Amino acid sequence: MAEESHGRWSLWLGGASLITGLASFVAAVAQRRLVDAELSTIRSRGQLLDQKVDDLEAFTKSEVDRLEADMSILRNKLTLELFDE
């Protein structure tokens with residue numbers, strides 16, 4: 007009877023250990039999925055920031071080009087005014 011009781015306790019402890027291990031595995035999988043989701047969000051934000059930087063660089067270049075064109079026009083006007091005098 008003692009051996010039977012010991013066998014039952016061993017079975018219960020083995021089952022509890024199995025359940026604990028399974029719970030740990032499920033928690034690890036859930037944690038991994040959470041980390042993967044966070045990494046995906048970070049990558050998406052990084053891509054969005056890259057696009058914003060590209061847009062800002064393009065805008066800045068177009069503004070510089072526009073200002074250089076305006077300066078050229080003003081230089082030409084000034085040159086014409088100097089020769090008119």
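Here the sequence shown is numbered in this note's numbering, starting from 7 and rising by one per residue.
By construction, the Cβ of each residue, glycine as well, lies at the ideal position given by its N, Cα and C atoms.
Everything numeric in this text was worked out from a predicted model, so none of it was measured.
Whole angstroms are fine: how far does the CA of R39 sit from the CA of D60? 31 Å
Nearest-angstrom Cα separation, counted from R51 out to E44: 10 Å
Taking the C-alpha atoms as reference points, what is the distance between L84 and L73? 16 Å
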